[in-house]
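Down below is the structure, laid out as structure tokens.
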Amino acid sequence: MESYTLEARFKRMSVSDENGEDQKAKTRGITASLSHNSSKPNLPKIALKSRKQTTPVTSPPKATTRTPESRASPVKSTAEPRLEPKLIEQPAIKTFHLGMFEIGKPLGKGKFGRVYLAREREHGFIRALKVLHKNELHHARVEKQVRREIEILGNLRHPNILRLYGHFHDNRRIFLILEFAGKGELYKYLRREGRFSESKAAQYISQMASALRYLHHKHVIHRDIKPENILVGIHGEIKISDFGWSVHAPSNRRTTYCGTLDYLPPEMVNPRRSDNSCDEKVDLWSLGVLTYEFLVGEAPFEDSPVMTTRRIARADMKIPSFVTAEAKDLIRQSNNIPGSSNTAEWGDSYDGASIIFNFLKWSAAGSFGTAESEIDPIRKRGK
């Protein structure tokens with residue numbers, strides 16, 4: 006009786022499995038077969054064991070199917086991949102400070118400060134550090150000139166124009182980081198030699214003409230061309246410096262009286278002229294005066310201030326006989342002196358481009374006096 010009851014209860018039990026109804030049916034069949042064929046002494050053991058825990062049935066492992074990597078996925082997303090915008094960091098503006106340089110010997114002294122030899126600590130580049138004192142600039146009321154020099158010179162790139170690499174300041178001083186012209190001022194060489202040979206003068210004037218052509222193309226007027234403002238680089242090339250009186254004038258006309266008296270054109274010193282405005286031709290006038298000084302050894306109108314002004318107004322220039330005819334004509338062209346191939350009055354029909362071209366052409370041979378023979382030696386031999 007007891008065995009029957011246990012067997013009946015065993016038949017009514019169900020085995021819960023994750024494989025579903027089919028697996029339950031199989032389990033019932035197995036249980037019935039087991040209860041029918043087993044001996045009675047074993048029934049209580051099976052029944053008691055079944056009451057304590059459910060018989061675990063392990064399902065057969067599912068076959069794993071590999072999808073070939075090369076085969077495309079059957080389900081494709083129709084949405085385009087969203088591209089996130091890339092953030093590009095702009096390079097930081099390089100800031101300068103005095104600690105970046107090793108300060109060396111003084112190179113020169115100006116009206117408002119000094120110029121020192123300096124070396125960049127990071128890269129070892131040699132520079133010239135121009136130090137200006139703010140209180141002196143304020144007392145002389147030339148702050149605008151310094152600001153103009155920084156703005157103009159910082160945007161110029163020419164082999165015969167001194168390069169400005171940057172600037173910074175502190176509470177008392179303004180520092181300009183300039184190109185180092187290794188051989189110093191051209192004025193010292195001129196004073197030491199007295200005057201230059203025509204070949205050397207032609208070399209310098211050619212470089213000056215090239216630099217002025219570049220400046221005028223940029224609508225920049227230097228307005229203070231003189232030997233003291235010309236430096237010599239380590240390879241002997243000249244460098245125009247000191248742009249304190251320079252100006253950016255797209256209209257090509259300025260009315261400010263400035264520059265050095267010996268190099269000013271008539272329109273800047275003539276009191277009878279109602280229009281004292283000037284343009285880039287003032288630089289060409291100064292270039293002619295500079296050519297004269299290179300070849301002769303002194304400025305053409307050098308005298309007392311009153312007499313210098315009068316001589317400039319009358320274009321009273323006497324060229325020594327040892328100057329070659331080609332050089333004389335070139336000087337007269339640049340200064341519009343009667344007797345030259347260009348006899349127009351100063352300021353009227355003054356073709357600055359052709360004058361610069363003549364400077365470049367005549368100085369290309371290295372000497373005014375031998376220009377024709379050196380430019381075309383074959384023609385000379387055929388005569």
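Residues 6 to 388 (this note's numbering) make up the sequence shown, in order.
Even for Gly, the Cβ is constructed at its ideal location relative to N, Cα and C.
Given the structure is predicted, the values throughout are model-derived calculations rather than measurements.
What did DSSP end up calling Val-287 once you bin it into helix, strand or coil? helix
If you count every other CB in all the chains shown that lies within 10 Å of the CB of Val-311, and 16 or more means buried, which is it? exposed
Return helix, strand or coil for Ile-324, following the three-state DSSP convention. coil
Between the region 118 to 133 and the region 180 to 192, do three or more beta carbon pairs fall short of 8 Å? yes
Own chain residues within Cβ distance below 6 Å of Tyr-209, not counting five before or after: Ile-243
Inter-residue Cα distance where the pair is Leu-195 and Ser-202: 11 Å
Segment limits, alpha helix (DSSP H) that includes Tyr-194: 191 to 198
On the DSSP letters alone, give me the boundaries of the alpha helix (DSSP H) that His-102 sits inside. That residue, His-102, is in no alpha helix (DSSP H); it is neither H nor E in DSSP.
In the DSSP output, which residue or residues are listed as bridge partners for Ala-318? Bridge partners of Ala-318: none, in fact.
Let me make sure I understand the geometry here. Which of Ile-235, Phe-306 and Asp-247 has the alpha-carbon closest to that of Leu-269? Phe-306
Label His-143 either buried or exposed according to how many other C-beta atoms from any shown protein chain fall within 10 Å of its C-beta, with 16 as the threshold for buried. exposed
With a threshold of 8 Å, are at least 3 pairs of Cβ atoms found where one atom belongs to the region 102 to 111 and the other to the region 119 to 128? yes
From Val-301 to Arg-177, what distance separates their C-alpha atoms? 43 Å
If you scan the region 146 to 233 from start to end, which runs of the beta strand (DSSP E) of 3 or more residues do you find wholly inside it? 169 to 174 and 178 to 183
Rounded C-alpha distance that separates Val-151 from Gly-171: 13 Å
Residue environment, Gly-249, which counts as buried when at least 16 other CB atoms sit within 10 Å: buried
Grouping DSSP H, G and I as helix and E and B as strand, with all else coil, what is Leu-269? coil
In this structure, how does DSSP classify Pro-111 when only helix, strand and coil are distinguished? strand
State whether the region 112 to 123 contacts the region 159 to 175, with contact taken as three or more CB pairs (one from each stretch) at a distance under 8 Å. no
Is the CB-CB distance between Ser-211 and His-227 below 8 Å? no
Mark Asp-175 as exposed unless 16 or more other C-beta atoms lie within 10 angstroms of its C-beta, in which case mark it buried. exposed
Coil, strand or helix - Lys-135 by DSSP: strand
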